[in-house]
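Here the protein sequences line up with chains G and F, keeping their order. In case it helps, this note's numbering puts the first sequence at residues 1 to 274. In case it helps, this note's numbering puts the second sequence at residues 275 to 548. From the three backbone atoms N, C-alpha and C, an ideal C-beta is built for every residue, glycine too. Since the structure is predicted, the reported quantities are computational estimates derived from the model, not experimental observations.
There are 2 protein chains.
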Amino acid sequence: MLIRLLNLLANAVDKPELLTVLVDPNVGEAETIVRNALVQRKMLIVVGRCWVRYVGRATSKLEKGERILMVKADGSVLVHRATGYEPVNWMPSGDTVFQVGAKDDVLEIRAVRRKPAESVAVSFDMISLVFSSKLADAGEFSLHASEEDMHNALLLKPQLLEEGFKVISYEKKVEPGFVDVYGIDKTGRLVVVEVKRKTAGKDAVLQLAKYIEAVRTRTDRQVRGIIVAPSIAKGVQRMLVALGLEFKYLDPKKCAETLRKAKTKKLAEFFDEE
Amino acid sequence: MLIRLLNLLANAVDKPELLTVLVDPNVGEAETIVRNALVQRKMLIVVGRCWVRYVGRATSKLEKGERILMVKADGSVLVHRATGYEPVNWMPSGDTVFQVGAKDDVLEIRAVRRKPAESVAVSFDMISLVFSSKLADAGEFSLHASEEDMHNALLLKPQLLEEGFKVISYEKKVEPGFVDVYGIDKTGRLVVVEVKRKTAGKDAVLQLAKYIEAVRTRTDRQVRGIIVAPSIAKGVQRMLVALGLEFKYLDPKKCAETLRKAKTKKLAEFFDEE
DNA sequence: AATTAAATTTCGCCT
DNA sequence: AGGCGAAGTTTAATT
């Protein structure tokens with residue numbers, strides 16, 4: 001009872017709009033928070049003793065036990081047990097409709113989706129935690145390799161560009177995603193490299209052309225310009241050729257592998273210490 | 275600050291061994307709970323602003339933002355964003371070692387696995403919730419179909435047994451997993467069916483033989499005995515033949531589909547109401 | 001321990 | 001919207 005009071009107090013005082021936490025709430029209290037979270041598309045977490053029924057692409061039944069229910073802002077539903085990477089029951093985001101009911105001290109949260117037709121119902125008869133909050137998350141997620149990683153991979157293994165390529169210097173560009181590497185190829189020609197993580201577009205080619213132009217005014221050597229990227233936009237290929245530039249395919253993933261091998265040594269060292 | 279006091283109080287008073295909840299803790303407080311949870315193999319949930327670095331089978335980087343970290347009793351690690359069914363970062367259970375560090379008001383939780391060699395590090399600079407608890411969960415999870423479901427499917431579609439089969443009556447058995455169905459085949463012979471969800475063993479055959487024996491003393495009709503199951507144990511097939519009984523393959527999954535079609539109508543009705 | 005196949009796969013990309 | 005292919009796939013079953 002003490003706890004419950006504290007909870008209510010906490011809700012009233014602390015970030016009333018942002019965060020709600022109830023410990024050991026009764027069904028009625030929990031129901032209120034759950035409804036609110038679902039309507040407002042907040043992240044919702046309910047921890048407690050529950051049973052689950054799923055009907056849809058398959059049919060399943062989970063007997064009573066303590067689990068964690070997570071309902072995300074996009075309507076994704078996850079029921080997690082004490083162990084196992086995968087949720088025991090779930091529903092991906094889609095055209096999901098939620099129903100919340102409280103009867104006989106049981107809180108039922110039901111999610112129904114039209115396509116594919118499926119429904120998952122979670123019933124709690126004991127609740128130890130209800131949490132709801134908007135999650136402020138604008139952070140970017142980069143897999144495989146960031147542009148910087150591609151850059152680093154090129155420095156680590158210049159032959160990723162071509163056999164005999166040697167790096168002279170490099171320059172990080174914070175501007176809309178470009179990284180330059182300067183070097184010489186096996187025949188002694190100067191090489192200017194522009195790295196792009198995604199498909200290289202017109203802007204990348206023009207940018208490189210501008211650089212090349214500037215470099216040529218300062219040297220009598222032959223100068224090559226190479227766009228390094230996982231792919232190049234359709235019409236841009238022609239422009240590239242017209243400007244006397246080149247394109248080199250480089251998979252960010254391959255760069256990641258190159259870097260990984262270097263870091264794997266660090267992992268090995270960690271275990272050796274242990 | 276009020277909240278923090280309340281939290282500590284809550285921990286001291288309410289189920290000290292079972293459940294711990296901190297709202298807006300400082301790094302030191304959170305660190306204590308996190309370490310404790312990891313050592314005691316409790317379910318751990320941390321909600322807060324964090325960034326994540328993963329190195330292993332690939333390489334990834336997640337910039338700062340509010341997410342949910344879940345570490346399970348078996349060492350599974352999940353980092354969930356506001357949307358999406360899948361975790362943005364994760365690590366399945368295995369030979370995982372955890373490291374917890376708190377420096378400069380940043381709490382870092384790092385999980386390292388040997389095979390495959392990979393590591394995921396989550397760093398929090400703002401924590402809104404720390405939750406830890408042992409989850410008591412012995413509930414069974416049954417996918418596809420329970421024995422009762424197979425039973426019901428047979429009643430719904432007797433032709434699942436064979437063409438022309440008709441159900442006369444049925445009897446639920448609570449005993450170690452048997453269900454009986456009585457009926458007549460297309461030639462008028464009496465049929466006794468025993469359903470099993472898993473591989474039918476010696477016990478099932480003997481049980482059925484006993485029933486058949488009893489039934490034959492009460493009728494002059496021909497009586498067939500059929501074991502219905504997804505498979506039959508190796509040596510048992512011979513015994514079955516010796517006793518003049520039969521085996522009918524029936525996949526629980528197929529039963530589930532039969533039942534699903536019936537229930538799909540209910541789903542459709544739900545949407546029509548809406 | 002390594003390999004194969006299935007999954008309520010999910011997810012992105014392309015037509 | 002449907003189809004195809006990849007995934008840090010995971011997981012269970014099988015060799």
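- When C-beta atoms of the region 430–447 of chain F are compared with those of the region 485–492 of chain F, fewer than three pairs fall below 8 Å, so the two segments do not count as touching.
- Residues of the region 58–69 of chain G whose Cβ lies closer than 8 Å to any Cβ of chain F, in chain order: A58, T59, S60, K61, L62, E63, K64, G65, E66, R67, I68.
- Taking Q314 (chain F) as reference, the option from F:L292, F:P361, F:V297 with the minimal CA-CA separation is F:L292.
- The criterion of a C-beta distance shorter than 8 Å is satisfied by Q496 (chain F) and L464 (chain F).
- For T96 (chain G), none of the residues of chain F pass the 7 Å Cβ criterion, the least Cβ distance being about 11 Å.
- Residues of chain F whose Cβ lies closer than 8 Å to the Cβ of H144 (chain G) are, in chain order, A332, T333, S334.
- Counting along the chain, L381 (chain F) sits inside the beta strand (DSSP E) bounded by residues 380–387.
- For Q433 (chain F), there is no enclosing beta strand (DSSP E), as DSSP marks it with neither H nor E.
- The C-beta distance from V353 (chain F) to N363 (chain F) rounds to 4 Å, short enough to fall under 8 Å.
- By the C-beta criterion, the region 377–396 of chain F is judged not to be in contact with the region 499–507 of chain F, since fewer than 3 inter-stretch pairs fall below 8 Å.
- For P361 (chain F), the number of other beta carbons within 10 angstroms of its own is at least 16, and it is reported as buried.
- Pairing S406 (chain F) with I307 (chain F) gives a Cβ-Cβ distance under 8 Å.
- A82 (chain G) places its beta carbon less than 8 Å from that of D411 (chain F).
- Assigned with DSSP and collapsed to three states, L129 (chain G) falls in strand.
- Legend: CB atoms of the region 349–361 of chain F lying less than 8 Å from CB atoms of chain G belong to residues S350, L352, H354, R355, A356, T357, G358, Y359.
- Taking C-alpha positions only, E108 (chain G) is separated from F124 (chain G) by approximately 6 Å.
- When 8 Å is used as the limit between beta carbons, G413 (chain F) is near these residues of chain G: W51, L62, E63, K64, G65, in chain order.
- Note on geometry: alpha-carbon atoms of M126 (chain G) and R327 (chain F) lie some 36 Å from one another.
- Nearest CB-CB separation between L154 (chain G) and chain F: not below the 8 Å threshold.
- When CB distances to chain G are screened at a threshold of 9 Å, the residues of the region 391–411 of chain F falling below it are A391, E392, S393, S402, L403, F405, S407, K408, L409, A410, D411, in chain order.
- Approximately 19 Å separates the beta-carbon atoms of F372 (chain F) and L296 (chain F); this is outside 8 Å, ruling out the contact.
- Excluding residues up to 5 positions away in sequence, P116, E118 lie with their Cβ nearer than 8 Å to the Cβ of R57 (chain G) in the same chain.
- The distance from the Cβ of V455 (chain F) to that of V320 (chain F) is about 52 Å, inconsistent with a contact at the 8 Å cut-off.
- Residue state for K528 (chain F) is assigned as helix, using DSSP reduced to three classes.
- Bounds of any beta strand (DSSP E) do not take in Q237 (chain G); it lies within the alpha helix (DSSP H) bounded by 236–242.
- Rounded to whole angstroms, the Cβ separation of A145 (chain G) and T333 (chain F) is 6 Å, and the two are in contact under 8 Å.
- Between the alpha carbons of L430 (chain F) and K522 (chain F) lies a distance of about 17 Å.
- No Cβ of chain G is located within less than 8 Å of the beta carbon of K528 (chain F).
- Taking the Cα positions, F439 (chain F) is about 11 Å away from V466 (chain F).
- T473 (chain F) is classed as exposed because its beta carbon has fewer than 16 other beta carbons within 10 Å across all chains shown.
- According to the DSSP secondary-structure assignment, F521 (chain F) is paired through a beta bridge with F:I501.
- Residue state for K72 (chain G) is assigned as coil, using DSSP reduced to three classes.
- Approximately 5 Å separates the beta-carbon atoms of V77 (chain G) and A111 (chain G); this is inside 8 Å, confirming the contact.
- Note on R512 (chain F): under 16 other CB atoms within 10 angstroms of its CB, so exposed under the neighbour-count rule.
- For a cut-off of 8 Å, the C-beta gap from E140 (chain G) to E305 (chain F) is around 28 Å, too long to register as a contact.
- Residue pairing of L296 (chain F) in beta bridges, as defined by DSSP: F:V404.
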